[in-house]
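The structure appears below as structure tokens.
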Amino acid sequence: MNEWEKERIDTNRKERIVFESQMLHYGLYMPDPENGLAADIPWHWHDAFEFGYVAGGSILYKTNRREYVLRNGDGIFINSGALHYLHPLEPAAEATLYPQFFDKSFLAGAPGSLYDLKYITPVQEMKILDAMPLYRHNPQDLPFLEKLRRCRDLSMEREPFFELRIRNLFSEMWETVYARAMAQKNRELSYDPTEDGRIKKMLSLLQERYSEKITAADLARAAHISERECYRIFQHVLGITPGDYLLSLRLQKAQELLWHTDKSILEIALETGMGTGSYLCKRFKACYHVTPGQYRQQKKQFRSPPPTPKNRRQ
């Protein structure tokens, strides 16, 4: 588990969003200026809503049911409670993400208000809308993306009244989110909330014990289901088998250790449950198209990152 996970991810894969002001309930997370998004952000979820803006490179976003490739100038909305995963595409160090988090009170004020009940809660409860990508090549998305970029700049510049201006822009962007959510309302019947809870329990077990031998029976017991149902849920929700997910998780952990430590290939293979250095090299190259040694060489192109501040994910 990396430092970001230790600080922000609990045992249920829920991220603890830390707002700079508990009175505002809005926050911009700054990217690492040296390494960008140098490693994957593993499967996780959070109660807060998220607007992400990609300012460099390209990033693969995965949710329970979909995946999107976002490039420089693109953005995304992540709904409250949506399980998602981020993978920086090559070159990873150029992938730059500015996520802005906010909760219902930022837009709706007091819980149960007219704004909350009429506009915010219906979107939050529409779990079929886990994410909404926004592409710069789509003319319909350009106004939204310009507002999102402007909010990022306002938060960084912090001029007088920046909070009010961000809130006004977010209210305008929320109209788009709400409209698209209502357009998908007829698809809500296909969503099974019990699957969401079960997959989170199984992912939690895999995240905690990824270096150990974990069987489908172990996962089934964690979610109180049969092994057959375990395989079905993984295929239906993530589109992969439990074994495929475990392999990708171990490779992601190896990627982090290669970037942030000086441990040998064999040490990393043993620590991540990959067994041997040769097996790690084979699987790592198949996934990332570079060997572990070549990936580690990329680190030398960048200076060591500064200490991680509170509002920085990496």
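According to this note's numbering, the sequence shown is numbered sequentially starting from 376. For each residue, glycine too, the CB sits at the ideal point set by N, CA and C.
The three-state secondary structure of S480, taken from DSSP, is helix.
Judged by pairs of C-beta atoms under 8 Å, the region 494 to 506 touches the region 426 to 440, as three or more such pairs exist. Assigned with DSSP and collapsed to three states, A430 falls in strand. DSSP, reduced to helix, strand and coil, places G648 outside both helices and strands of the structure shown, so it counts as coil. Burial is judged here by how many other beta carbons sit within 10 angstroms of a residue's own beta carbon; E550 has fewer than 16 and is exposed. Here T438 carries a strand assignment [DSSP, helix/strand/coil]. With fewer than 16 other beta carbons inside 10 angstroms of its own, T590 counts as exposed.
A straight-line Cα-Cα distance of about 13 Å links D415 and D407. For the 7 Å CB-CB criterion, W420 and L458 form a contact. The alpha-carbon of L544 is positioned some 51 Å away from that of G650. When secondary structure is reduced to three states using DSSP, Y510 falls in the coil class, being assigned neither helix nor strand. Collapsing the DSSP output to three states places R446 in a strand. Linking G411 to E469 through their CA atoms gives a straight-line distance of about 6 Å. A direct Cα-to-Cα measurement between K493 and P667 gives close to 51 Å. Between L482 and G427, the CB-CB gap reaches or exceeds 7 Å. Secondary structure note for L403: its beta strand (DSSP E) is the uninterrupted segment 401 to 403. When secondary structure is reduced to three states using DSSP, K657 falls in the helix class. Nearest to H599 by C-alpha distance, out of P617, A558, I574, T616, is I574.
Distance from F424 to I451 at the Cβ level is roughly 11 Å; contact not present, criterion being Cβ atoms closer than 8 Å.
Under the three-state reduction of DSSP output, H459 falls in the strand class. For the set Y510, F609, Q630, the Cα lying nearest the Cα of Y620 is the one of F609. Its chain contains L482 as the residues whose beta carbon lies nearer than 8 Å to that of S546, once the 5 sequence neighbours on both sides are disregarded; these appear in chain order.
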